[in-house]
Amino acid sequence: MSIEVGLKKINEETVKRSYVFWPVYKWILSHLRPFLLKVVMFIFCGLVATVIELAIPKLIQHFIDYTLLNKQISQYIKVLGYLFVLVIIMLCFQIGSNILERFIREESSKEVQFKILAQLRRLGIPYFEKTNVGEIISIFNNEVQIFQELFRRCIPDIVKYSIIVIVSVYFMLTIDYRLTLIMIPSFLLYYLLGPYFERKATFYGQQLVENKTRVSDKLYESLSSLRELRAYSAEEWDLARNERYITAWVSNAVAHDLFAFMRGSYRRFTYHLGGIGVFLLGVYLIKNEQLSLGGFVAFLFYYFFTMQKLTAIVTRFTEQKLLVTQIERLYQFMSLSPEVPLKRENTVKRGMIKGDFRLIDLDFQYNADRKILSSITVDLPKGKRTAIVGSSGSGKTTIVKLLSRFYKPTNGSIFLDGKDIMDYSEEDLRESIGYFFQEFYLFGGTIKENILFGRPSATEQEVIDAGKHAYCHEFIMELPDQYNSVIGERGIKLSGGQRQRIAVARLFLKNPSIIILDEATSALDTVSENEVKKSLDMLYKGRTIIAIAHRLSTIRDYDHIIVMDNGRVVETGDYQTLLERKQVLYELVSNEGTDKNGGSS
1 MSIEVGLKKI NEETVKRSYV FWPVYKWILS HLRPFLLKVV MFIFCGLVAT VIELAIPKLI
61 QHFIDYTLLN KQISQYIKVL GYLFVLVIIM LCFQIGSNIL ERFIREESSK EVQFKILAQL
121 RRLGIPYFEK TNVGEIISIF NNEVQIFQEL FRRCIPDIVK YSIIVIVSVY FMLTIDYRLT
181 LIMIPSFLLY YLLGPYFERK ATFYGQQLVE NKTRVSDKLY ESLSSLRELR AYSAEEWDLA
241 RNERYITAWV SNAVAHDLFA FMRGSYRRFT YHLGGIGVFL LGVYLIKNEQ LSLGGFVAFL
301 FYYFFTMQKL TAIVTRFTEQ KLLVTQIERL YQFMSLSPEV PLKRENTVKR GMIKGDFRLI
361 DLDFQYNADR KILSSITVDL PKGKRTAIVG SSGSGKTTIV KLLSRFYKPT NGSIFLDGKD
421 IMDYSEEDLR ESIGYFFQEF YLFGGTIKEN ILFGRPSATE QEVIDAGKHA YCHEFIMELP
481 DQYNSVIGER GIKLSGGQRQ RIAVARLFLK NPSIIILDEA TSALDTVSEN EVKKSLDMLY
541 KGRTIIAIAH RLSTIRDYDH IIVMDNGRVV ETGDYQTLLE RKQVLYELVS NEGTDKNGGS
601 S
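Below is the structure:
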């Protein structure tokens, strides 16, 4: 995109974004509400420090016009004493202002991060499945940093500089109004080219943020696909791809910094040019005894100080507008509503959940193009083992997502223990369900911490008991630090079977009434699979089990089997009965090469 096209695009979007700016800006400022008293104190400290700082030139004016001519040492000491006291008081209020500013910035940023985490939880699985992980990480990194930048520089500086300009202009008017009027053409001169540099800096600033997001996305992809890149000898391809994005990012950064520097240089040029006018008029007024030497020195200080802050306010407003535009994505993210409501008003407590599911006329589709599930009516009885089987894409996993209330059905109803599943709070429903998937996550901490993930309030003895029930206590005790052994990211220091038994121990500790599995042992060798199956058999007792089965040899002992095809239930019954019908399950078993008695042929 050329600069001209980019600038035209920004101009076209100016009107549209002006409508967006104020709602976003109000939302940003709303994060100051919890710290309103500290904000008032910050403004007060800034005001006092500014008044004292700007009173010093008036003291210098008095010193030059009166004390210096008297040549009395006592007067010198008196003026120096006043100056010393004023500086000490000013520093105290500046320190207080800086501390309050830092506190407000950090606390408001922390509040935003907590709100992002809470919003991610509210949006749930549908949002994660539709959104690139790099974009989510970018929200945490880029948008939160932008938020901090707003509270670090833009908002505090606009407040402080506005106070300085108002107080300084007042002092300037008390010295000479004619000299003060020179500020007007000097300030207007800045607008001849200043906005031009502002627009270009804004354009490259927007491009910089977009390219930074792309770099984050591609870097995440590279780290996530490191194994595949090595397996296909594609490291050079990946390096070249990342180099293109990084080069674009660096080019935008250089261009943005260049125009920002030109903007600042032109700003300094305009008020220095105005300073020449102040100097010439000041000399004329001094010669005609219409202005004292002390007043002229004080005015020069006020002029340069005021022009610097006044043009800086313009720059901060421009930067603020750019930052607010960039933070618009975070505002939109925080405004999203979850596809699945968290709860209704009259919710059922966890102790009542036993695990008796009934699906009635259930339809589901992710979008309008194609139905994933059609007219599903089936029972999943409590305390029984139910397997859901079918070819790839038949809708097995979708049913489990609906039972877990990760998604809301398009049509139809799901009843749990005779009550609509939407009548249960999400928290209580999740606590009643334990998940055991082929791909699960172990944290990079200790074994104890990973088991405690099932129920953080559990005692150490309960953790050990869970390990014994899951048949992992023995190998844990052989490790140097036993339950306090660090297992590395995703449990990399453990074997596949050991990792899965840790996951089973989590479930024992959680003690859910419903367990949902997704062919948890299919990726293990025979020895590891037998060990995990033994621990799972212990876990199954007295619970409702719902399993997605890919290997049909694992479901021979299940009480109830649901066979799916193209989003519909085509068969239900026990294993032997369905085989005797010689319909869909029989065909699936035959294609898999599984013995009709359940063993592998």
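Following the numbering used here, the residues of the sequence shown are numbered contiguously, the last one being 601.
Glycine included, every Cβ here is placed at the ideal spot set by N, Cα and C.
None of these values were measured; they are calculated from a predicted model.
Residue i, DSSP secondary structure in three states
i	result
S374	strand
D574	coil
N411	strand
T180	helix
Y82	helix
Y558	coil
R430	helix
R405	coil
E13	Because E13 carries a pLDDT of 47, less than 50, the predicted location of this residue cannot be relied on, and the following value inherits that uncertainty. Residue state, collapsed to three classes: helix.
T315	helix
L494	coil
M1	Because the pLDDT of M1 is 46, which lies under 50, any placement of that residue in the model is unreliable, and the number read from its coordinates should be weighed accordingly. Three-state DSSP puts M1 in coil, outside helix and strand.
Y435	strand
A458	coil
A387	strand
L359	strand
Q583	coil
F364	strand
R170	The sequence given here has Tyr at residue 170, not Arg. The answer is helix: DSSP assigns Y170 an H, G or I state.
G275	helix
I612	For the chain, the structure presents residues 1 to 601; residue 612 sits outside this window and is missing.
S162	helix
N511	coil
N288	coil
C45	helix
D65	helix
C472	coil
Under 7 Å between C-beta atoms of residue i and residue j
i	j	result
G434	I502	no
C154	E319	yes
L416	A466	no
F93	C45	yes
R227	R152	no
I372	I548	no
R506	I451	yes
S413	S513	no
G395	G567	yes
Y190	R267	yes
E221	P156	no
L359	I376	yes
A248	Y204	no
G454	E489	no
I146	I327	yes
H31	E111	yes
M97	T306	Going by the sequence as given, residue 97 is Ser instead of Met. Not in contact: S97 and T306 (Cβ atoms no closer than 7 Å).
N252	L208	yes
G124	P381	no
Beta-bridge pairing of residue i - partner residues as DSSP gives them
i	result
T446	V486
D481	The partner list for D481 (beta bridge, DSSP) is empty, contrary to what the question assumes.
V283	Answer by DSSP bridge pairing: none, since V283 is not bridged.
K419	L416
A608	In this structure the chain extends from 1 to 601, so residue 608 is not present and cannot be described.
A547	A387 and L517
M564	G390 and V569
L380	F357
Integer-rounded CB distance, given that residue j should sit under 8 Å from residue i
i	j	result
L310	V165	5 Å
L323	E210	No, L323 and E210 are not in contact; Cβ-Cβ is about 14 Å, not under 8 Å.
Q603	G275	One cannot answer for residue 603 here, as it falls past the ends of the chain, which runs 1 to 601.
P57	F333	Wrong, their Cβ atoms sit about 48 Å apart, outside the cutoff.
T386	Y558	7 Å
I562	V400	Incorrect: roughly 11 Å between the Cβ atoms, too far for contact.
T410	F440	With a Cβ gap of about 29 Å, T410 and F440 do not count as contacting.
D483	T446	According to the sequence as given, residue 483 is Tyr; it is not Asp. Their Cβ separation, rounded to whole angstroms, is 7 Å, which keeps Y483 and T446 in contact under 8 Å.
Y655	K218	Nothing can be reported for residue 655: it is not among the residues displayed for the chain, which extend from 1 to 601.
Y76	L59	Actually they are not in contact, since the Cβ atoms of Y76 and L59 sit about 12 Å apart, beyond 8 Å.
S216	I137	6 Å
F299	G282	7 Å
M538	H469	5 Å
Any non-hydrogen atom of the ligand COA within 6 Å of residue i CB
i	result
G282	In the structure shown, the ligand COA is absent, as is every other ligand, since no ligand is present at all.
- May I have a chain-ordered list of the alpha helix (DSSP H) segments no shorter than 4 residues that lie completely inside the region 208-267? Unbroken alpha helix (DSSP H) stretches of 4 residues or longer found wholly inside the region 208-267: 226-231, given in chain order.
- Message: What ranges does the alpha helix (DSSP H) occupy inside the region 115-160, keeping only unbroken runs of at least 4 residues that lie completely in it?
- Response: Secondary structure remark: continuous alpha helix (DSSP H) runs of at least 4 residues inside the region 115-160, in chain order: 133-138 and 144-149.
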